[in-house]
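Residue numbering for the sequence shown follows this note's numbering, starting at 1448 and increasing by one per position.
Backbone N, C-alpha and C define an ideal beta-carbon position, used for all residues, glycine too.
Only one structure is covered here, and it is reproduced in the block below.
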Amino acid sequence: MIPDNWDPGHWDKETDVVIVGFGGAGVAAAVSAYDLGSKVMILEKAPKGLHGGNTRVAAQGYLNVSSKDEAITYLTALCGPYKVPEEMIRVWADEMAVNNEWLAGLGGDPQEHQHPPAGIEFPELPGAQSSHKFHDGPKLGYGLTWDRFESFVLERDIPILYETPGRELIQHPETKEILGVRAEHDGKSILIKARKGVVLTCGGFENNQDLIRTYLTGVPYCYPSGSPYNEGDGIPMAQAVGADLWHMNNFAGPSMALKVPEFPATLSMQPLHFSKEFPGGMIVVGPDGKRFGDEKFKTRHGKVPVNGVWKALQVPCPMFMIFDQPLMAAGPLYNKEPNRGWTAMMDRYDWSADNSAELEKGWIRKAESIAELAGIIGVDAAALEDTIARWNAGAGNGEDPEYGRKLMLSPFSEGPYYAIELSPSMINTQGGPRRNERSEILRPNGEKIPRLYSAGELGSIYSYLYQGTGNIGECLGFGRIAGRNVAAETPWD
1448 MIPDNWDPGH WDKETDVVIV GFGGAGVAAA VSAYDLGSKV MILEKAPKGL
1498 HGGNTRVAAQ GYLNVSSKDE AITYLTALCG PYKVPEEMIR VWADEMAVNN
1548 EWLAGLGGDP QEHQHPPAGI EFPELPGAQS SHKFHDGPKL GYGLTWDRFE
1598 SFVLERDIPI LYETPGRELI QHPETKEILG VRAEHDGKSI LIKARKGVVL
1648 TCGGFENNQD LIRTYLTGVP YCYPSGSPYN EGDGIPMAQA VGADLWHMNN
1698 FAGPSMALKV PEFPATLSMQ PLHFSKEFPG GMIVVGPDGK RFGDEKFKTR
1748 HGKVPVNGVW KALQVPCPMF MIFDQPLMAA GPLYNKEPNR GWTAMMDRYD
1798 WSADNSAELE KGWIRKAESI AELAGIIGVD AAALEDTIAR WNAGAGNGED
1848 PEYGRKLMLS PFSEGPYYAI ELSPSMINTQ GGPRRNERSE ILRPNGEKIP
1898 RLYSAGELGS IYSYLYQGTG NIGECLGFGR IAGRNVAAET PWD
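Structure below.
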């Protein structure tokens, strides 16, 4: 709904370009527009110190490609049957090829000498060898790449309004141009005039359970490992002014993690990590008390091979990690020194060395027998006892006949026994308003919405499979495109 006072005489603030969201895409869009002579203002939902979106708490790498043609081939293969327009793939490749150059031009250090090609997610796909991961910072660590990105904004005269989420796009009723943004601060509305345009860079919907249930298949609920401030705010904003949506069913997940009310994001359990070995018995079961897969299988950002194609890992809800005393006594179940994730990097939760504090909190449940544990977590006792018996029979011979697990093949010892309820977790969603090669947001008929742009995970180019560090690389690339094009707009008054 257009406010009655949308006209220039009633704005609370005004600028040339409004950026909604202060993460990697917001940095690239803001810096690009500013350096082309536009006045820029950033609206950020999170409080100062908790901003930065997923870029801040990711593993601090970004994608660069060595060959545009090979990169086109690779992204085309990653999209598979979920086709993306060729012009979008080409402009993506063009921009991924200059990420290092752009950062170096701003005074950054891509550290090319320290990072040979590594971490190619799907090396079997054509063109994969074009992908390279880089870091800035000056070294990989707790948010150091984000710190460098952020510095590009802070050293410029770009005001940032923290705790000020964008709520509504103000659209001219006749021309349909986007004239500004209605934001909120301290419970009050603020009308912000954008003389040239608005760029939505406010991330995905990984912490919005209504959108998750509506668009993501296989998970009735899911929780973020990244920023809890990513609640899909840009989606209804864009829809209200006529935007089309794309890639709404694609997300980097799920994985299995612990979610507790005390923290807004998930905690990663070390025994479930692919490469980690621990003593003792451990399996994961669904509400029927039965296993549903290889607990130590390494997914590719939530995707697993099924019948010759890649699909999101299928997880039952609820599910429970069941383990024995040797595993409980082996050390903290949570990795206390990880290099990614909101809980690890922002909340810095100090998990107890012997897991006793978490047992006291009720995050871990304990019983003297498998049947008693089944009653505590609400699964059929006979089914869980049978599942443990079958696991012990196979693990005793060093094998997993059911699912072929290769790691931690230890039978369960005598009690006590323990359980942790797990939830589906994800890094981010990829869906949002559809954009074109100029980062303009489109209507369902393919027409652009004048003066409205987007970049980053809000309407990402990734439609199917995902190359690690690709979202941050994309944030930089399409952020630059949006910044250049919105800066070139003629002010509307």
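Next item on the list: Along the beta strand (DSSP E) that carries Ser1702, what are the first and last residues, could you check?
Entry: Ser1702 to Ala1704
Once DSSP output is grouped into helix, strand and coil, what is the label at Tyr1662?
In the displayed model, Tyr1662 falls within a helix according to three-state DSSP.
**N-terminal and C-terminal residue of the beta strand (DSSP E) that Phe1925 is part of** = Membership of Phe1925 in any beta strand (DSSP E) is not indicated; the residue belongs instead to the alpha helix (DSSP H) covering Gly1917 to Ala1934.
**Prompt:** Should Asn1875 be labelled buried (16 or more other beta-carbon atoms within 10 Å of its own) or exposed?
**Reply:** buried
Notebook entry, point to check: Is it true that the CB of Tyr1864 sits closer than 8 angstroms to the CB of Asp1771?
Noted result: yes
Checklist line | Nearest residue (CA-CA) to Gln1531, options Tyr1911, Ala1480, Tyr1509 and Asn1654 | finding: The residue asked about is misnamed: residue 1531 is Val in this sequence, not Gln. Out of Tyr1911, Ala1480, Tyr1509 and Asn1654, Tyr1911 has the C-alpha closest to the C-alpha of Val1531.
CB contact flag (Gly1728, Ser1857, <8 angstroms)
yes
>> Determine whether the beta carbon atoms of Val1646 and Ala1902 lie at a separation below 8 angstroms.
In response: Contact flag set, yes.
- Item | Alpha carbon of Asn1452 to alpha carbon of Ala1475, nearest angstrom | Because Asn1452 sits at a pLDDT of 48, beneath the cut-off of 50, its placement in the model cannot be relied upon, and the following sentence gives the value as read from the coordinates. Cα to Cα, the separation comes out at about 32 angstroms.
Unbroken alpha helix (DSSP H) runs of length 4 or more, entirely within the segment 1525–1609: which are they? 1533–1543, 1546–1552 and 1591–1601
message: Am I right that Gly1681 and Gly1879 are in contact with their C-beta atoms under 8 angstroms? What's the rounded C-beta distance?
response: Contact annotation, Gly1681 with Gly1879: C-beta distance approximately 6 angstroms; criterion of less than 8 angstroms satisfied.
In the DSSP assignment, find the unbroken beta strand (DSSP E) run with Asn1839 in it and report its ends.
-> First-last for Asn1839: Ala1828 to Ala1842, but that is the alpha helix (DSSP H), not the beta strand (DSSP E).
Self-check item: Exposure label - Asp1583; buried when at least 16 CB within 10 Å
Solution: buried
Range of the contiguous alpha helix (DSSP H) that encloses Ile1824: Its alpha helix (DSSP H) spans residues Ile1817 to Ile1824.
**Message:** Can you tell me whether Trp1789 is helix, strand or coil according to DSSP?
**Reply:** helix
Exercise for review: For Val1474, decide whether its Cβ has a neighbour in chain C, counting only Cβ atoms nearer than 8 angstroms.
Suggested key: The chain labelled as chain C is not found in the depicted structure, where only one protein chain is given.
> By Cβ distance, which residues of its chain are closer than 6 angstroms to Met1448, with the 5 residues on each side in sequence left out?
Replying inline: Summary for Met1448: the model assigns pLDDT 42, below 50, so the residue's position carries little reliability; its value from the coordinates is reported in the next sentence. Contacts found: none.
Review point. What number of angstroms, rounded off, separates the C-alpha of Ile1817 from the C-alpha of Val1600?
Key: The C-alpha of Ile1817 lies about 56 angstroms from the C-alpha of Val1600.
By how many angstroms is the C-alpha of Arg1642 removed from the C-alpha of Gln1717? 50 angstroms
Checklist entry - What residue from Met1703, Gly1574, His1498 and Gln1761 has the CA that sits closest to Gly1665's CA? => result Gln1761
Discussion item. Using CA atoms only, rank isn't needed, just tell me which of Leu1616, Leu1663 and Glu1621 is closest to Gly1644.
Written reply: Leu1616
One question on the structure: do Tyr1481 and Arg1660 come within less than 8 angstroms of each other, judged by their Cβ atoms? no
- Kindly confirm or deny that the segment 1911–1929 and the segment 1490–1506 touch, where touching means at least three C-beta pairs closer than 8 angstroms. Contact between the segment 1911–1929 and the segment 1490–1506 is present: 3 or more CB-CB pairs across the two stretches fall below 8 angstroms.
| request: Could you tell me how far apart the beta carbons of Ala1929 and Ser1860 are, in whole angstroms, since I believe they sit closer than 8 angstroms? | output: With a Cβ gap of about 57 angstroms, Ala1929 and Ser1860 do not count as contacting.
Margin query: For Ala1630, report the span of its beta strand (DSSP E) as first-last.
Written below: Residues Ile1625 to His1632.
inquiry  = Just list the residues that DSSP pairs Glu1709 with in beta bridges.
reply    = BP columns for Glu1709 are empty, so no partner.
- Which one of Ala1551, Pro1494 and Ala1575 has the shortest CA to CA distance from Ile1519? Ala1575
- [ ] To the nearest angstrom, report how far apart Ile1730 and Cys1764 are at their CA atoms.
- [x] Our two residues, Ile1730 and Cys1764, have alpha carbons roughly 15 angstroms apart in a direct line.
Review point. Between Asn1654 and the rest of its own chain, which residues show a CB-CB distance below 6 angstroms, the 5 nearest in sequence each way excluded?
Key: Pro1671, Pro1675, Asn1677 and Glu1678
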